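Student: I'd like to ask you about the structure that follows.
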Amino acid sequence: MLKYILLRSLLALAVAFTVSLAAFFLLNVATDPAQAIAGEDATQEVVDMIRARYGLDQPLPVRYFEWLGGVLRGDFGESYYWHKPVAELVAERAGVTITLALAALSVTILIAIPLGALAALNPNSWIDRMALGVAVSAQAVPNFWLGLIMIILFAVMIPIFPVSGDDTWRHFVLPAFVLGASSVPAIMRLTRTGLIEVMGADYIRTARSKGFRGGALLRRHALRNALLPVISVLAVQLGQKFGGSVITESIFAINGLGRLALESILGADIPTVQMLIFVFAIVFVAMNLLADIINAILDPRIRIG
Amino acid sequence: MPLLDVQSLVTEFPGAPGGPGNRAVNEVSFAVERGKVLGLVGESGSGKSVTGFSIMGLVDRPGRVTGGRILFDGQDLASLSGEEMRQLRGRRIAMVFQDPMMTLNPVLTIGTQMTEAITAHEKVSRAESRARARDALGQVGIPSPEERLSAYPHEFSGGMRQRVAIAIALLHNPDLIIADEPTTALDVTIQSQIISEFQRLAETHNTAVIWITHDLAIVSRLADDIAVMYSGRLVETGPVSDVLTDPRHPYTAGLIGSVPSQNTRGTRLRQIPGMTPSLGRLPSGCAFRTRCDRATEACATVPPPETHEGARGFRCIHPVHPELLTQ
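Respectively, the protein sequence lines represent chains S and X. Per my numbering, residue 586 is the first one in the first sequence, and the count goes up by one each step. Per my numbering, residue 206 is the first one in the second sequence, and the count goes up by one each step.
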């Protein structure tokens with residue numbers, strides 16, 4: 586088990602660094618950082634001066650390994666735009682995004698799993714059809730559009746939630762709903778399929794024959810088995826919430842990592858973009874790893890193998 | 206009064222839309238006394254497992270019991286509420302299912318699956334339920350039962366799992382056990398042990414057993430009575446010794462003839478031609494007539510009524526017994 590986790594962790598780290606390598610070269614080929622720092626109207630002399638000062642005149646591989654060396658020491662460089670260490674900048678903004686991502690995941694779980702379970706227990710009933718309708722529409726609606734509609738409905742027409750910002754929990758309700766809604770279709774359908782399959786399994790009949798029915802049967806024998814695949818997908822979805830926060834945070838003016846990513850991309854603040862890509866990659870890979878570990882703990886058949 | 210009295214039981218599964226339902230169990234009547242073993246015999250698809258599920262109230266949707274009565278200890282099971290039926294299942298009526306590979310939950314330990322069967326009906330401490338589970342495992346011949354409680358189903362062989370399933374059924378010393386081909390997956394030696402265990406149980410605890418099988422050899426060793434099922438109907442019932450030595454229904458005779466024995470050594474094994482018809486396409490009249498060499502035009506008119514002969518009964522208008530023909 587320990588060996589399994591260790592091996593998977595190493596692999597995850599390798600994936601994260603590969604992503605950072607690709608991101609580094611793409612960013613530096615696509616933009617000229619010195620020009621970006623100096624501004625559109627700067628003279629060639631100023632640009633050259635900046636290039637020399639930030640070490641941007643070095644060849645790309647040299648600069649990558651310098652960056653990598655810094656990362657290993659916890660130094661991600663200094664933001665061109667905010668003029669402070671990128672790591673500090675990211676640390677300041679991370680709390681808000683983690684809150685948003687977890688709140689969004691809670692929204693997904695609270696809507697998708699009960700709805701999927703109800704649909705599975707009453708296949709082809711009105712509730713099943715309604716759940717299918719919810720899934721199809723949630724799948725079809727883009728995040729930014731849903732965000733704007735929610736603002737119009739629940740912040741402007743019926744002003745029960747603030748339009749934007751991140752000061753109180755009330756500020757997080759609409760963005761968490763919008764970000765969470767995007768994962769509802771996948772999780773709901775997976776819960777439904779899994780539970781229908783499990784409810785038809787022979788061991789459910791065995792459990793009934795032992796004297797189980799209703800809620801006890803569902804809790805003890807059906808849900809645990811049905812939710813095994815759901816948990817892995819949930820962990821992956823949590824990783825995606827961080828990436829998805831770019832759009833949602835921009836719509837709701839939330840000062841998190843997503844908005845920071847957008848701002849630093851627009852400002853060609855390469856060290857910040859570079860670190861954010863690295864962080865998002867790490868989070869994504871870590872969530873996949875977590876999913877594998879949770880599955881191994883819950884399913885004894887994987888644990889042995 | 207028999208412990209279990211099944212009267213004209215009908216269990217249907219929906220057929221084509223708008224059409225009549227398919228009767229997996231069709232007007233089946235039999236009774237089991239305390240301490241007796243009934244062998245319920247038939248080919249795959251004859252409805253013997255569905256008969257067991259009907260008694261347990263565990264028929265898979267969309268199938269359901271649509272006719273007849275099931276009296277258990279004098280009580281009509283159809284009149285019980287869901288909760289009353291739950292209290293009966295596992296405690297007074299237990300069932301052992303066919304496929305030991307699929308009938309245990311893969312993500313729960315054997316210990317959990319056994320103790321929960323106890324605590325579903327009794328308020329007992331963890332330690333006590335564990336001790337009882339351990340004893341039950343020992344009773345069905347599982348070595349080092351204490352350790353095995355912490356194991357998962359996939360760490361057991363098929364035979365071991367089947368024994369676990371039997372141990373679970375025995376936990377509450379039920380009044381009735383329905384055993385659906387419980388020894389099919391087992392080695393012959395273990396099969397013998399399990400059969401002896403059931404015989405002992407029937408004697409010491411006065412437990413009634415319905416043993417569902419296609420194996421006539423087991424029935425002849427274990428059962429007191431036999432009920433032969435074909436396409437949802439009981440075609441022949443009676444004491445095992447009478448029915449197996451002197452069958453009335455051609456189907457029963459065919460089953461007996463297709464069992465290899467000392468007497469038939471060296472000769473070609475007889476077999477019943479054709480296969481069981483599917484429920485949606487049963488022939489008119491006697492369902493067996495298309496495979497029967499005694500069938501006449503009369504067999505195609507109505508399903509044969511039951512003829513009684515002492516403790517025996519059969520549904521055939523051309524029974525095998527020659528004296529009867531001349532009567």
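Using N, Cα and C, we set each Cβ at its ideal position, and we do this for glycine too. Computed from a predicted model, the values in this text were never measured in an experiment.
1) Relative to chain S, which residues along the region 453 to 467 of chain X have a C-beta separation below 9 Å, given in chain order?
2) Between the alpha carbons of V818/S and I878/S, how many angstroms are there, rounded?
3) With a cut-off of 8 Å on the beta carbons, I'd call P237/X and G273/X a contact; round off their distance for me.
4) Touching or not, the region 451 to 471 of chain X and the region 271 to 287 of chain X, by the rule of three or more beta carbon pairs under 8 Å?
5) CB-CB under 8 Å to R805/S, same chain, minus the five flanking residues each way: which ones, in chain order?
6) Taking the straight line between their C-alpha atoms, what separation do you get for G890/S and S830/S?
7) Might you give, ordered along the chain, the residues of its own chain that have their beta carbon closer than 6 Å to the beta carbon of V369/X, omitting 5 neighbours on each side?
8) Could you check what DSSP says for V525/X in three-state terms: helix, strand or coil?
9) Distance cutoff 8 Å, beta carbons only. Does N707/S sit that close to anything in chain X?
10) Figure out for me which residue from S249/X, V345/X, E351/X and G346/X has the closest Cα to the Cα of L333/X.
11) In the region 255 to 337 of chain X, which residue ranges form an unbroken alpha helix (DSSP H) of at least 4 residues, counting only runs that do not cross its ends?
12) Please report the distance separating the alpha-carbon of V763/S from that of V600/S.
13) Closest Cβ-Cβ distance between T531/X and chain S: below 8 Å?
14) Could you check which residue in G268/X, M206/X, P222/X and F235/X has the C-alpha nearest to that of R228/X?
15) To the nearest angstrom, how far is it from the Cα of M742/S to the Cα of I736/S?
16) Consider the C-beta atom of I781/S and the heavy atoms of the ligand ATP; say whether any pair is separated by less than 7 Å.
17) Let me see if you follow: with CB-CB separation under 8 Å, is D854/S close to chain X or not?
18) When you compare the CB positions of S794/S and M290/X, do they come within less than 8 Å of one another, or not?
19) Determine, using beta carbons only, whether T418/X and I431/X come nearer to each other than 8 Å.
20) Which residue spans inside the region 755 to 820 of chain S form an unbroken alpha helix (DSSP H) run of at least 4?
21) Closest to E514/X by C-alpha separation, out of E502/X, P452/X and T472/X, would be which residue?
22) Any beta carbon of chain S sitting closer than 8 Å to that of P311/X?
23) Against chain X, does G796/S count as a neighbour if the rule is that its beta carbon must be under 8 Å from one of theirs?
24) Assuming contact is defined by CB atoms lying nearer than 8 Å, are I415/X and L376/X in contact in what I supplied?
25) V681/S and G841/S: beta carbons closer than 8 Å?
26) Could you check whether A801/S and I789/S sit closer than 8 Å to each other, using their CB atoms as the reference points?
27) Which one or two residues does DSSP pair with M434/X in a beta bridge?
28) With 8 Å as the C-beta to C-beta threshold (strictly closer), list the residues of the region 769 to 797 of chain S near chain X in chain order.
29) Using a cut-off of 8 Å between C-beta atoms, extract the partners of E333/X located in chain S.
30) What separation, rounded to the nearest whole angstrom, lies between the Cα atoms of A686/S and Q724/S?
31) Could you check whether the region 250 to 264 of chain X touches the region 426 to 440 of chain X, counting it as contact only if at least three pairs of C-beta atoms, one from each stretch, sit closer than 8 Å?
32) Buried or exposed: which applies to P455/X, given that a residue is buried once 16 or more other Cβ atoms fall within 10 Å of its Cβ?
33) If you check the beta carbons only, do D380/X and I298/X fall under 8 Å apart?
34) Are there 16 or more other CB atoms within 10 angstroms of the CB of M872/S, so buried, or fewer, so exposed?
35) Along the chain, where does the alpha helix (DSSP H) that runs through V741/S open and close?
36) Check for me: the beta strand (DSSP E) holding V414/X runs from which residue to which?
Tutor: From the atom records:
1) none
2) 13 Å
3) Sequence check: residue 237/X is Val here, not Pro. Contact doesn't hold; Cβ gap of about 16 Å is too wide.
4) no
5) A792 and F797
6) Only weak support is given to the placement of G890/S: the predicted model assigns it a pLDDT of 44, under 50, and the value that follows is read from those uncertain coordinates. Approximately 37 Å between the Cα atoms of the pair.
7) I315
8) coil
9) no
10) For the record, residue 333/X in the displayed sequence is Glu; it is not Leu. It is E351/X whose Cα lies nearest to the Cα of E333/X.
11) 287 to 293 and 315 to 324
12) 29 Å
13) Low confidence applies here, because T531/X scores a pLDDT of 47, under 50, leaving its location unreliable and the question unanswered by this model.
14) G268/X
15) 9 Å
16) Annotation note on the ligand ATP: not contained in the displayed structure, which lists no ligands.
17) no
18) no
19) no
20) 755 to 766, 769 to 784, 787 to 794 and 799 to 802
21) P452/X
22) yes
23) yes
24) no
25) yes
26) no
27) L439/X
28) G785, A786, D787, Y788, R790, T791, A792, R793, S794, K795, G796 and F797
29) Ordered by position in chain S, no residue passes the 8 Å Cβ test against E333/X, which lies about 17 Å from the chain.
30) 19 Å
31) yes
32) buried
33) yes
34) buried
35) Per DSSP, V741/S belongs to no alpha helix (DSSP H) and is neither H nor E.
36) A413 to T418
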